[in-house]
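In case it helps, mature numbering (1 follows the signal peptide of the UniProt record, and there is no 0) puts the sequence shown at residues -21 to -1, 1 to 310.
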Amino acid sequence: MFKLTAAALALSFALTAPAQAEGRIRIAEQFGVVYLLLNVAQDQQLIEKQGKKLGVEITVERLQLSGGSAVNDALLSGAIDIAGAGVGPLLTIWDRTNGRQNVKGVASLGSFPYYLVSTNPKVKSIADLTEKDRIALPAVTVSVQSRILQYAAAKQWGEKEFARLDKFTQTLPHPDATAAVIAGGTEINGHFGNPPFQEQELAGNPHAHIVLNSYDVLGGPSSATVLYATEKFRNENPKTYRAFTAALAEAAQYVAKNPEGAADTYLRISKSKVDRELLLKIIRNPQVNFSVAPQNTYSLAQFLYRVGAIKKQPASWRDYFFEDPVIANGS
């Protein structure tokens, strides 16, 4: 899997890319267990398998980026076809491309509690954060972690104060943030991450503790990380698109039935050094659900509209997701 900047991807695309044709799909993902379904699909070549059922040979290209801003830039530049990022970046790009590229969600990668972890013993809740605290997250003001933190601030101090904590945040990839939190001694004393990084921090630094759980902010289990694409790609590549969503559904079934095999897949594909038992604990966590149907995303969308972060008001979650049988039971 390549690791390139969005700018490099865009330049490469502009110089070399032919017209898009059925049978090719370029997928961008980020870091963490939240991308396990894509790991399983890669390991078992499920997209290629589902494509053959539909009579099309599919070439799959995978790229790794960090942060919703970089992913959105890559999608709009034409450097990728499927973007993997948080619900926050999806809502941002859905709002900004309405009537143009018409970007919408393809599927969820599951529901996971995201933790705001701090090593500052004085910080018991977000109300305790001060200028001395620096919270790492994937993309300031854009990532789903940033949007959830804004939502929490709005609930704490009122919606006019939703951006109150933004000044304490800093853009940093999850692996780098985790290393800083575990080691200590840097200005980064907090991280709003995702699995397995948050669990590694809690296990690796005795001062690390949970300050905020995303499920508490959102009112229950919710899809934080999703996949999305342009309307053009979906319309011009119907078989490839169908093969992709079918592969995701098959991967979800595999993870549900084979957590140990899924854990081994993640370690093999991601080359992560996370402890296998810790990884299994995450996958088997009853609060974790590897479902491709989005869950409880609409409350965040409503919040972002109320505070002006998005201009278009969605009537329901179906406004910012493409219609597809595999996600029919979403919310």
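Yeah, the Cβ is synthetic: ideal placement off N, Cα and C, and Gly gets one too.
On the criterion of 16 or more Cβ atoms from any shown chain inside 10 Å, does residue i qualify as buried, or is it exposed?
i     : result
T38   : exposed
E229  : buried
N275  : buried
K83   : buried
E302  : exposed
E239  : exposed
Q179  : buried
S201  : buried
R263  : exposed
A(-5) : Because the pLDDT at A(-5) is just 46, under 50, the model does not fix this residue reliably, and the value given afterwards should be weighed accordingly. It is exposed - the Cβ of A(-5) has fewer than 16 other Cβ atoms within 10 Å.
I61   : buried
Do residue j and residue i have their beta-carbon atoms positioned less than 8 Å apart in this structure?
i    : j    : result
V66  : V119 : no
V271 : A86  : yes
N268 : G11  : no
T150 : A159 : no
G183 : I161 : yes
G30  : T219 : yes
T98  : H186 : yes
L54  : I72  : yes
L16  : L227 : yes
L42  : A7   : yes
P117 : P152 : yes
Q266 : P92  : yes
N81  : T209 : yes
A142 : Q129 : yes
N192 : Y299 : no
D107 : G169 : no
In the DSSP assignment, find the unbroken alpha helix (DSSP H) run with residue i in it and report its ends.
i    : result
R221 : 217 to 236
Y284 : 277 to 285
L258 : 255 to 262
E110 : Neither: E110 is in no alpha helix (DSSP H) and is coded neither H nor E.
G183 : 176 to 183
List the DSSP bridge partners of residue i.
i   : result
Y94 : N192
R3  : T38
Tell me which residue opens and which closes the beta strand (DSSP E) that residue i is part of.
i    : result
V205 : 204 to 208
G164 : Premise fails: G164 is in no beta strand (DSSP E) and is neither H nor E.
F171 : 169 to 171
A115 : 114 to 116
Counting only runs that start and end within the segment 12 to 90, where is the beta strand (DSSP E) found for 3 or more residues in a row?
38 to 43, 61 to 65, 83 to 87
Could I get the ranges of all uninterrupted beta strand (DSSP E) runs contained in the segment 122 to 151, with 3 residues as the minimum, in chain order?
148 to 150
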